[in-house]
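Line by line, the protein sequences give chains A and B.
For the first sequence, our numbering begins at 296 and goes up steadily by one.
For the second sequence, our numbering begins at -5 and goes up steadily by one.
The structure appears right after this line, and notes come after that.
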Amino acid sequence: MPTSSELAPGSVKELSAALAELVPTGPTVAVRGAGSKARWALPPQLAEPDVVVRTTGMDRIVEHAAGDLVVTAEAGVPLASLQEQVADAGQWLALDPPESDATVGGVVATAVSGPRRLRYGTPRDLLIGVTVVLADGTVAHSGGKVVKNVAGYDLGKLFTGSFGTLGVIAQCTFRLHPLPRAMRVVTAHPDDPADAARRLGPTGAVPTAAEWDGSALTVLVESIEAGADAQAEALAAAVDGEVGDVIPAGFGERPWSSGGIGLKVTHRLGALRETLSAINDVLPAARVRAHVGSGVVWVGDDGADLSGLDTLRDTVDQYDGQVVVVEVPAEAGPDLDVWGPVRGLEIMRRLKERFDPANRMSPGRFVGGI
Amino acid sequence: MSPSAGSKGPFRHDHGGEGGELASLAADFRTALGSSAVITDRAELRTYECDGLAAYRCIPGLVVLPETTAEVAHVVTACAARGVPFVARGSGTGLSGGALPVTDGVLVVLSRMKQILAIAADDERAVVQPGVINLDVTRAAAPDGYYYAPDPSSQQVCSIGGNVAENSGGAHCLKYGFTAHHVTGLEIVLPDGSVDRAGGRAPDPVGYDVLGAMVGSEGTLGIVTEVTVRLMRAPQAVQTLLAGFPSIEAAGAAVSAIIAAGVLPAAIEMMDALAIEAAEAAVNCGYPEGAGAVLVVELDGPAGEVEAELADVERLCTEAEAFELRVAADAAERALIWKGRKSAFAAVGRISPDYIVQDGVIPRTALPEVLRAVEAVAADAGVRVANVFHAGDGNLHPLVLFDASRGETERAEQVSQEILALCLEYGGSITGEHGVGFDKKAYLGRQFSEVDLDVMQLVRCAFDPDGICNPGKVFPTPRLCGERPGRRTGVHPLQEAGLADVF
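Quick look at the structure:
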């Protein structure tokens, strides 16, 4: 298989010019930031793209309007660098995916999330403006740099989680939050995490995260000093836990290893028990990390046996859930459907046809062969 | 099939009036939905000639009031088959003319679809039909300790379907976000009449974010027939503070200080002296006498946190020269504080025969500068502007007061337009929550480039290639779906279509 050639633009303008130059030859194009999720839910045996656009040269933080709690960054800025910069003003971009070298563009393109989504949501919720470049070099903006804004269609949401199949996310503007100044960690070992999860809400505490790893439930209170103890103690009392101030090792990390199986399983909030049980039925040796209260369970298994995938999909479908094979085992055959069945696929195909009529942006990378 | 609606504009569809397509549609709808669901009488049609923005009026060709998804699908399918445009309408409280009817089209009124289908406390979701009133979701969820967060000022009458179309916010969206953050599932009748679903009760639906595209699309991408929304736990504690300041500048400084201190209130609302005067005249809210501006700051969350933050906010307001602080002691006092704020739009009717409600957004830190500029613009034109706004997120609602009988209309409109120009000059937006609709479509091209609008149009074309779904709204000039944005470099069509490869 031929090796992809690489483009490494240093600005949105260069990116646009480079893509426009490719139009006459019409190669397929994939977008890559740090590459930490380049193989994330990658359909097995997908052809290598002709050209890879590396965004890591587009690494300017364009503007940090601290008083407005807003930051604009080019797609190639590492999330960690952005966090460092805005932390100087006591702020952060409230996204905590564990892929430590990820770029902001990559985070948005894959819509990844971490434990603190419980409080702050996911990339779509914090992205307030976007600059995108289409396959033919067309540069377009939507949103802006004010949080409240309903002018025009929200292309940002459409491109969030689109895995490079609509165009290139070139620049992003995000809403920021104040950095919490106090932290408490509640740890419990409930027999039934679903029952424990139900006890959290009525305490009146507002945790930033609640993670179940198969044996321990870790609940974070991240707030101001006043009232942090009261919140933590109320939560600890509700789930028979203990209050500490250290986040345990492995918190928020993906439970799989390279070459094994990694799944993202979603479910309606009231069906955590049923969902964990369905996972256990199909992959009894799997490790789980559940974002309790968010309806997401990450699953890791060292084996390569995905024969129970359809069964698991059928079961969680009863709970409105879906299963995406995020880490694809090396042995997976071409028949593996990593994304699974999708509601509203027809309208998604039509969107793809409009944005990328020549089907050059990562063809086959996304749902339903898009 | 008639030519695309987009090519002809909203008011010039030729569907033959009484004896043509509309008459045949009316007959079809009577058979399928029953006569009580179809309105053709001109006097009755007139009831629907405008939404909350009465400046634009247009009598619809035909009104239909479906009660089920299947009926909506039937209506839309029939319209699509004849190339007749249609407009969806909820409670008709929108302030941008988004539900303005089309003369030769069908107005699909969803107010009969008002069932709450499920309050699923365990899932923290409610499933409702589009005609359900915003506040009724909270009422239904309250016994389980939950509420629906987006709270537009019209929440007692506006519908969830309309909220979805407009991506409605409200005073509390500073902390809790807009409708887009609270919708997890939709059932949609697409402009070709097919029924589709996006999302559900679970998070992160796989695929493109169709929910994100639909919410805030102002009824131009389809008709929503079922909405699944997040329910939030009622906060443990709520504190509402009313602070009187000598001037807008002082109140603005307090807002900046609160945000800089890392406090995220549920709401920060500001009113200037003229808006206070109007509110007093209308509802006797008892705001601090002689104030140049008042702030309403609401904090909610865990009790200890709220108490500490309230103390911070009181201190910061005092440091910013607040001369009176009043903390609501109970729900009744809280309601009185909010009454003044929420009545402000209607209240200016007490001090001015006519007024225009404007809706623009600026970066919060530009507030004092922009308000000075607004004052100068108003003074130049010789009209008064009352300012009411969501200060926490820089969302201005200037009320331009005028007297049409004295020929001031034009000057007032000029001032209203100049305020939008100021919003854009300071890097803001022409609308924070009322939408572009019919009213502001001419301004969208000032906020976005032609290419930006062309690319947005790609979304429209994916959903509504024939341009029959709420035509003539949002976008300034009609666009056809055959055109492609951006540069053209003479590529062979086969190559461009991906059918030929030069490699």
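Each residue gets a CB set at the ideal place from its N, CA and C atoms; glycine is no exception.
Residue i: first and last residue of the uninterrupted alpha helix (DSSP H) it sits in
{"i": "E528(A)", "result": "A523 to V534"}
{"i": "P418(A)", "result": "P418 to L421"}
{"i": "L289(B)", "result": "Counting along the chain, L289(B) falls outside any alpha helix (DSSP H), though it belongs to the beta strand (DSSP E) covering A287 to G295."}
{"i": "G156(B)", "result": "I154 to E160"}
{"i": "F650(A)", "result": "L640 to F650"}
{"i": "L447(B)", "result": "E444 to F457"}
{"i": "H428(B)", "result": "Where H428(B) is concerned, there is no enclosing alpha helix (DSSP H), given that its DSSP letter is neither H nor E."}
is_contact[residue i, chain B] using C-beta, thresh 8 angstroms
{"i": "F469(A)", "result": "no"}
{"i": "D630(A)", "result": "no"}
{"i": "Q526(A)", "result": "yes"}
{"i": "H436(A)", "result": "yes"}
{"i": "D605(A)", "result": "no"}
{"i": "S299(A)", "result": "no"}
{"i": "R414(A)", "result": "no"}
{"i": "N444(A)", "result": "yes"}
{"i": "L450(A)", "result": "yes"}
CB contact check: residue i to chain A, cutoff 8 angstroms
{"i": "V355(B)", "result": "yes"}
{"i": "I424(B)", "result": "yes"}
{"i": "Y141(B)", "result": "no"}
{"i": "Y170(B)", "result": "no"}
{"i": "A196(B)", "result": "yes"}
{"i": "R227(B)", "result": "yes"}
{"i": "Q149(B)", "result": "no"}
{"i": "L438(B)", "result": "yes"}
{"i": "I253(B)", "result": "yes"}
{"i": "T34(B)", "result": "no"}
{"i": "N161(B)", "result": "yes"}
{"i": "V351(B)", "result": "no"}
{"i": "N561(B)", "result": "Only positions -5 to 497 of chain B appear in the structure, and residue 561(B) is not among them; the question remains open."}
CB-CB length for residue i against residue j, believed under 8 angstroms
{"i": "L314(A)", "j": "V407(A)", "result": "Contact doesn't hold; Cβ gap of about 25 angstroms is too wide."}
{"i": "L319(B)", "j": "A248(B)", "result": "Incorrect: roughly 11 angstroms between the Cβ atoms, too far for contact."}
{"i": "V481(A)", "j": "L530(A)", "result": "5 angstroms"}
{"i": "A525(A)", "j": "G298(B)", "result": "5 angstroms"}
{"i": "P199(B)", "j": "A192(B)", "result": "6 angstroms"}
{"i": "A251(B)", "j": "E313(B)", "result": "7 angstroms"}
Counted within 10 angstroms of its Cβ, other Cβ atoms place residue i as buried (16 or more) or exposed
{"i": "P579(A)", "result": "exposed"}
{"i": "E247(A)", "result": "Absent from the structure is residue 247(A), since the part of chain A shown begins at 296 and ends at 665."}
{"i": "N278(B)", "result": "exposed"}
{"i": "V514(A)", "result": "buried"}
{"i": "H484(A)", "result": "exposed"}
{"i": "F650(A)", "result": "buried"}
{"i": "S300(A)", "result": "exposed"}
{"i": "L111(B)", "result": "exposed"}
{"i": "L474(B)", "result": "exposed"}
{"i": "R327(A)", "result": "buried"}
{"i": "A322(B)", "result": "buried"}
{"i": "T425(B)", "result": "buried"}
{"i": "K308(A)", "result": "exposed"}
{"i": "S572(A)", "result": "exposed"}
Run of the beta strand (DSSP E) containing residue i, from where it starts to where it stops
{"i": "R655(A)", "result": "Neither: R655(A) is in no beta strand (DSSP E) and is coded neither H nor E."}
{"i": "L604(A)", "result": "Per DSSP, L604(A) belongs to no beta strand (DSSP E); it is in the alpha helix (DSSP H), L604 to D612."}
{"i": "V513(A)", "result": "For the record, residue 513(A) in the displayed sequence is Thr; it is not Val. Here the beta strand (DSSP E) through T513(A) covers L512 to S518."}
{"i": "A329(B)", "result": "Not the beta strand (DSSP E): A329(B) falls in the alpha helix (DSSP H), residues A325 to K336."}
{"i": "K559(A)", "result": "I556 to T561"}
{"i": "I110(B)", "result": "I110 to A114"}
{"i": "A504(A)", "result": "A504 to W507"}
Reference residue i; option with closest CA among the options
{"i": "V409(B)", "options": "V102(B), S241(B), L27(B) and Y349(B)", "result": "Y349(B)"}
{"i": "V204(B)", "options": "G536(A), G496(A) and S457(A)", "result": "S457(A)"}
{"i": "E407(B)", "options": "G84(B), Q352(B), A385(B) and F442(B)", "result": "Q352(B)"}
{"i": "Q149(B)", "options": "S337(B), R405(B) and D460(B)", "result": "S337(B)"}
{"i": "C52(B)", "options": "V126(B), G461(B) and G99(B)", "result": "G99(B)"}
{"i": "V449(B)", "options": "L377(A), V501(A), S437(A) and V441(A)", "result": "S437(A)"}
{"i": "P459(B)", "options": "R645(A), V662(A) and P652(A)", "result": "R645(A)"}
{"i": "K333(B)", "options": "I270(B), I345(B), V307(B) and N381(B)", "result": "I270(B)"}
{"i": "V288(B)", "options": "L304(B), I262(B), L56(B) and P95(B)", "result": "I262(B)"}
{"i": "I413(B)", "options": "A398(B), A373(B), V364(B) and D433(B)", "result": "V364(B)"}
Residue i beta carbon near the ligand FAD (any heavy atom closer than 7 angstroms)
{"i": "E283(B)", "result": "Summarising the ligand content, the structure contains no ligands, and the ligand FAD is consequently not present."}
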